[in-house]
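Reading the sequence shown from the start, the letters are residues 196 to 566 in this note's numbering. All residues carry an ideal CB built from backbone N, CA and C; glycine is no exception. As the structure is a computational prediction, the values presented were derived from the model and not from experiment.
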Amino acid sequence: MLGFFKYSNFFVHNLNNSFGLNIEWLEIALPIGISFYTFQTMSYTIDLYRGKVNVQKNIISFGAYVAMFPQLIAGPIVTYSIVEHDLNNRKETVDQFAQGIRRFIEGLGKKVLIANNVGILWENIRLTPINELSFIGSWIGIIAFALQIYFDFSGYSDMAIGLGHMMGFNFPENFNYPYISKSATEFWRRWHMTLGGWFREYVYIPLGGNRCSKIRYYFNLTTVWFLTGLWHGASWNFICWGLYFGFIIILEKIFILQILEKLPHFFGRIYLILVALIGWVIFAIDEIVGVSSFIKVMFGENYFLDNQTMYYLKNYWLILIIGIIFCTPMPNTFKKKIPWLPTYIFYMGVLILSTAYLVDSTFNPFLYFRF
196 MLGFFKYSNF
206 FVHNLNNSFG
216 LNIEWLEIAL
226 PIGISFYTFQ
236 TMSYTIDLYR
246 GKVNVQKNII
256 SFGAYVAMFP
266 QLIAGPIVTY
276 SIVEHDLNNR
286 KETVDQFAQG
296 IRRFIEGLGK
306 KVLIANNVGI
316 LWENIRLTPI
326 NELSFIGSWI
336 GIIAFALQIY
346 FDFSGYSDMA
356 IGLGHMMGFN
366 FPENFNYPYI
376 SKSATEFWRR
386 WHMTLGGWFR
396 EYVYIPLGGN
406 RCSKIRYYFN
416 LTTVWFLTGL
426 WHGASWNFIC
436 WGLYFGFIII
446 LEKIFILQIL
456 EKLPHFFGRI
466 YLILVALIGW
476 VIFAIDEIVG
486 VSSFIKVMFG
496 ENYFLDNQTM
506 YYLKNYWLIL
516 IIGIIFCTPM
526 PNTFKKKIPW
536 LPTYIFYMGV
546 LILSTAYLVD
556 STFNPFLYFR
566 F
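Structure, rendered in structure tokens:
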């Protein structure tokens, strides 16, 4: 089902281009969230075959698992074993409901107050003709996209986890401050953790994992990262993005991690940010030529700074700094040290401000809705 709806026209397009064919495209709409609930139903079937879970004989409970609205559209990917107990024996408490409200507000603030605003900056820079884009402008733009996709996706995950708490479900965490990582390997242990866990459990380990020859081990990693890229979308830039991270992680296994371990952590974090930002260029720009041109500007092909970039810096410096700070554990650490009253005032302020932004803004869907 996933292959038909999501990839049929991609293969038709490539067959037509490669062999001069004229196969007509299928006029089909991509169901929202198909990549997520397909993986969930697959995990149930596989775990049932392996004997890891019991048969769910109640069609209502099974339907609730597959179509659970908080995380249906953009995750986190919840395997059946995680919610099997909650489906049959969940208990709702006032404390858990309150915790869910707080988590939902955190996610709403991430999406509306940070992701949407830095997304405007990225969109403006992305639409700038490449010959008019400055060195500083290119870096500001891709940093803005890195912040947008993190706060957009982690914001949705927070909202889903919060709604789950309100209803008595305990969904898994999906993000753990990925931008503070010191390697690409660590980054992918912190970014979209439920997707990484799914591929590890149902693809990587069945292929042999790392308990095999080195050649087979690298083949397993390449396969997983090819599928990771393809999962994100039927486009070559997503496939290249997945293979790019696969290649980087293989190099880390061979020698890069050994070098990073001998250096201060600061160098590892700089290395990861550079690797991640180049990866986001591949992810965000559809055309390979466009990716190449943007990266060239990032490394000094055009002039250093221009008036347009100065305008962006003047208008967006505050939201960029706020975004960078909230990418780290510092706000959460600070929150634990302050009394409950200022904390609740803060949450109320975020809720009111987010609602005001929503009322005043146009439709701005989550980035991962298209996956």
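Check, Outcome
"Can you give the Cα-Cα distance for residue 495 and residue 467, rounded to whole angstroms?", "20 Å"
"Looking at chain D, is there any beta carbon in it that lies within less than 8 Å of the beta carbon of residue 239?", "This model lacks chain D altogether; it includes just one protein chain."
"Among residues of its own chain, excluding the 5 on either side of residue 398, which ones have a beta-carbon nearer than 8 Å to its beta-carbon?", "418, 419 and 422"
"Beta carbon of residue 425, beta carbon of residue 437: below 8 Å?", "yes"
"Assuming residue 388 is part of the alpha helix (DSSP H), what are its boundary residues?", "388-394"
"Closest to residue 268 by CA distance: which of 228, 543, 253 and 236 is it?", "228"
"Using C-beta distances below 8 Å, list every residue in its chain close to residue 287, excluding the 5 sequence neighbours before and after it, in chain order.", "361, 362 and 363"
"Just mark residue 369 as buried or exposed, buried being the case when its beta carbon has 16 or more other beta carbons within 10 Å.", "buried"
"At which residues does the alpha helix (DSSP H) containing residue 509 begin and terminate?", "502-521"
"Sort 401, 247 and 433 by Cα distance to residue 482 and report the nearest one.", "433"
"Taking Cβ to Cβ, would you say residue 313 is nearer than 8 Å to residue 480?", "no"
"If you drop the 5 nearest sequence neighbours on each side, which residues of the same chain put their C-beta closer than 8 Å to that of residue 489?", "325, 328, 333, 337, 476 and 480"
"If you compare alpha carbons, which of 373, 542 and 472 is closest to residue 340?", "472"
"Please state whether DSSP places residue 542 in a helix, a strand or coil.", "helix"
"Could you tell me the boundaries of the alpha helix (DSSP H) in which residue 136 lies?", "Nothing about residue 136 can be read from this structure; the chain reaches only from 196 to 566."
"Start and end of the alpha helix (DSSP H) containing residue 330?", "330-361"
"Tell me whether the beta-carbon of residue 236 lies closer than 8 Å to the beta-carbon of residue 273.", "no"
"Out of 331, 506 and 529, state which residue places its alpha-carbon closest to the alpha-carbon of residue 499.", "331"
"How many whole angstroms separate the CB atoms of residue 295 and residue 358, which I take to be in contact at a CB cut-off of 8 Å?", "6 Å"
"Can residue 305 and residue 366 be called in contact, C-beta distance under 8 Å?", "no"
"Given a cut-off of 8 Å, decide if residue 350 and residue 310 are closer than it, judged by their beta-carbon atoms.", "yes"
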